[in-house]
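A short write-up of the structure that comes next.
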Amino acid sequence: MVLTQSRGESGLQYLSESKEAPQSRSPNQELLPLTASVNSSDRLEIGGCEVTALVEKFGSPLYILDEETLRATSSQYRDAFERYYPGESQVLYASKAWSCLAVCAIAASEGLGIDVVSAGEIRTALQAGVSFDKIYFHGNNKSREELKLSVESGCTIVADNWHDLETLADFGKLGVSSKTGGPIRVMVRFTPGIECHTHDYIKTGQIDSKFGFDPNSLDRVFQFISEQPSLYCVGVHAHIGSQIFELQPHDDLAFVIIGALTKAQSYGLSATEINIGGGLGIRYTKTDDPPSIEDWARTVCTAVVAACDRHKLPLPKLLCEPGRSLVGTACVTAYTVGSKKVIPGVRTYLSVDGGMSDNPRPITYQSVYQVLAAEKMSAPLTETVTIAGKHCESGDILIKDAKLPECQAGDILVVTATGAYNYSMSSNYNRVPRPAAVLVRKGEAHTILERETDEDLLRFDRLPERLRTQK
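Each number in this note's numbering comes from the position in the sequence shown (counting from 1) with 216 added on.
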C-alpha cells in the first residue's frame, strides 16, 4: 500500500509526483529510485523491500541498489540513441562510478558496453560477462602491465598520451598480439577546449587538463599512428566533465570532435568511431534540475548529424559513456542514528554509523545530498540538524542543515542518490570496514557486496618477527 498524504514538509515530498509509469520517467531527475514508495506503516520501501527490514537483515550502513531503476536508465540511454541517431551507436557504462560484478552484469544484459580505467575494472567487466569488444580502456597513466592485459584481452584502448602510443607501438614490435589476432584497436583522446559550470575536480574538457592530447598535437599523433602497422585507429574521443546541467557544451563538442575525426581520416586512418563522453548530471537535491536522458541524447545525436553534414562526412559509430547518470539515483544508503549533540543557539549534530569512509564526496567535493527518516515518512520536518559521520575528522559531515522529523538513537536515515562514486571511492579510514550492498527487485534482496569484517582489515597486515611482543 502506498500512502497518498499531502506532499508538504515531510519525507513524502521526496517521492516522485509524476503520473508517468516508473519506466517512462528519467531516473536522473528523481531524488529516489523509481520503485520508492511508502507503506502503511509509514516506512520507506525500495524495490518492494522495506528499508528498515533490510537494515535488520543485512546491517548498517547499507547500500541499497534498485535493479529496476538501473535497468530503466540503461534502456533509456540505449533506446534514445537508437531513436535519434540514424547511424550505429553504442552506450558504454563508465564503471568508475561503481565497478562490481552485479552492476556490470546488469549493464551488459541491457546491451551496454563498459568503460574501464584499470586492470581491476577490466577483470571485473570480463568476469561479469562483458564481451571484450565492448570494453574501452581509459586512463592518463596506464601501466605497461595494464596495457598488456588490455591488448591481450582484446579491449579498445583510449590512447591518452604519448606514453600510451609508444608503449603500444613497442608491443607491436615485440609481438604482443590482440585477442582478435589483428592490430591493436586504439581511440585517440584529446582535450576539446570546452569548459562547463561544474566542480574544478570533475572538469576534463578544458585545455589545462591531465587528460588527453592537446588538440594542437593531433597532426603528429595521427601521423605517428599511420606509421605503425600494429596500431589501428578506430576513432577519436573527447569528454567535457561531469555533473553537467547544460546542453549547449555537448552541442559544441560534436562539431569539435567531428573536426578531429576528419583530420584523422586525412592521414589515411580508417577512423569511424567517435566517443562524446558522458557528463549528464543527476538530481542530488530538490533544487537540482538536470536535463532528461531523452533531451541529452537528442541534443548529442542532432549535433553529431549536423556536424557530419557540414563536413560532408558519413555518420560515424557514435559512443557515449554515462556513469553517474546511469547508476547514481538507483541507490540509497541507509544509516543508523547514534549520538545527538545539541549546542543551544548554534547547531544540533545527529551522528550516524558511517560517513566519509562510505561517502567521501561531501568532504572531497563539498557535495550536497538529501536525507530522510525511513520510518517516519509522513512526519513533519520539525528539526534542522547536521548529519555527522563517525570518523575522527571535523570535516566528516554528510549533510549540513538537514530538515528531519525529531530523531533519536536507533532511527534509520536514508541518504539519496548514492550510487555513483560512493562505494567506488570508499575507504577503510579509521579502520572502518566497508558496508555491504544489496540489490533489490520485486520484494527480494540479494547481497552483491559482502560487508567487510575486522578480519578483512587485518588480512594484508604483516608484523615482522622482531616486533612481536614476547609473551
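The C-beta atom is built at its ideal place from N, Cα and C for all residues, glycine as well.
If we ignore side chains and look at the alpha-carbon of each, how far apart do residue i and residue j end up?
i           : j           : result
residue 455 : residue 490 : 11 Å
residue 339 : residue 308 : 16 Å
residue 222 : residue 449 : Note on residue 222: pLDDT 48, under 50, position unreliable in the model; the coordinate value appears next. In a straight line, the C-alpha of residue 222 is about 57 Å away from that of residue 449.
residue 227 : residue 613 : 21 Å
residue 256 : residue 599 : 24 Å
residue 357 : residue 548 : 32 Å
residue 267 : residue 426 : 41 Å
residue 483 : residue 442 : 7 Å
residue 648 : residue 276 : 12 Å
residue 640 : residue 312 : 7 Å
residue 343 : residue 262 : 28 Å
residue 670 : residue 543 : 29 Å
residue 431 : residue 657 : 46 Å
residue 582 : residue 327 : 34 Å
residue 573 : residue 259 : 27 Å
residue 348 : residue 330 : 9 Å
residue 408 : residue 337 : 26 Å
residue 238 : residue 251 : 7 Å
residue 570 : residue 460 : 28 Å
residue 379 : residue 447 : 14 Å
residue 468 : residue 354 : 23 Å
residue 383 : residue 629 : 49 Å
residue 654 : residue 463 : 34 Å
residue 587 : residue 627 : 13 Å
Is residue i close to chain D, meaning its C-beta is less than 8 Å from at least one C-beta of that chain?
i           : result
residue 562 : In summary, chain D is missing from the structure at hand, where a single protein chain is found.
DSSP state of residue i, grouped into three classes?
i           : result
residue 564 : strand
residue 228 : helix
residue 533 : strand
residue 278 : strand
residue 405 : strand
residue 674 : helix
residue 301 : coil
residue 241 : coil
residue 331 : strand
residue 354 : coil
residue 702 : Outside the displayed span of the chain (217 to 687) sits residue 702, for which this structure offers no information.
residue 344 : coil
residue 324 : helix
residue 371 : coil
residue 554 : strand
residue 654 : strand
residue 261 : strand
residue 413 : Because the pLDDT of residue 413 is 47, which lies under 50, any placement of that residue in the model is unreliable, and the question is left without a value.
residue 549 : strand
Does the beta-carbon of residue i have 16 or more other beta-carbons within 10 angstroms, so that it is buried, or is it exposed?
i           : result
residue 444 : buried
residue 505 : exposed
residue 398 : exposed
residue 624 : exposed
residue 575 : buried
residue 231 : buried
residue 494 : buried
residue 202 : Residue 202 lies beyond the range of the chain shown here (217 to 687); nothing can be said about it.
residue 592 : buried
residue 244 : buried
residue 249 : buried
residue 501 : exposed
residue 242 : buried
residue 559 : exposed
residue 638 : buried
residue 683 : exposed
residue 676 : exposed
residue 394 : buried
residue 269 : exposed
residue 416 : Any reading at residue 416 is ruled out, since the residue's pLDDT is 42, under 50, leaving its predicted position unreliable.
residue 621 : buried
residue 246 : buried
residue 290 : buried
residue 635 : buried
residue 436 : exposed
Is the closest heavy atom of the ligand MG to the C-beta of residue i under 7 Å?
i           : result
residue 554 : The model on display carries no ligand, and the ligand MG is accordingly not part of it.
* Segment contact, 8 Å Cβ cut-off, at least three pairs: the stretch 588 to 608 with the stretch 661 to 668 -> As far as the Cβ criterion goes, the stretch 588 to 608 does not touch the stretch 661 to 668, which means the pair count is below three.
* To do: Would you mind listing the alpha helix (DSSP H) stretches within the stretch 569 to 643 that are 4+ residues and don't spill past its ends, in chain order?
  => Qualifying alpha helix (DSSP H) stretches, in chain order: 577 to 581.
* Taking the runs of the alpha helix (DSSP H) that are 4 residues or longer, which of them lie wholly in the stretch 442 to 503? -> For the alpha helix (DSSP H) assignment, the uninterrupted runs of no fewer than 4 residues enclosed by the stretch 442 to 503 are, from N- to C-terminal side, 464 to 482.
* Check whether the stretch 548 to 559 touches the stretch 463 to 479, counting contact only when three or more Cβ pairs, one atom from each stretch, lie closer than 8 Å. => Touching, no, given that fewer than three Cβ pairs across the two stretches are closer than 8 Å.
* Asked: How about the stretch 514 to 521 and the stretch 562 to 575: do they share at least three Cβ pairs that are nearer than 8 Å?
  -> As far as the Cβ criterion goes, the stretch 514 to 521 does not touch the stretch 562 to 575, which means the pair count is below three.
* To do: May I ask you to verify whether the stretch 524 to 536 touches the stretch 314 to 326, counting CB pairs closer than 8 Å and requiring at least 3?
  => Per the Cβ contact rule, the stretch 524 to 536 is not in contact with the stretch 314 to 326 (fewer than 3 Cβ pairs under 8 Å).
* Would the stretch 390 to 405 and the stretch 369 to 379 be scored as touching if the rule is three or more Cβ pairs under 8 Å? -> Yes, they touch.
* Three or more C-beta pairs closer than 8 Å, one from the stretch 670 to 682 and one from the stretch 278 to 292: is that the case here? -> The stretch 670 to 682, when compared against the stretch 278 to 292, does not touch it at the 8 Å Cβ threshold.
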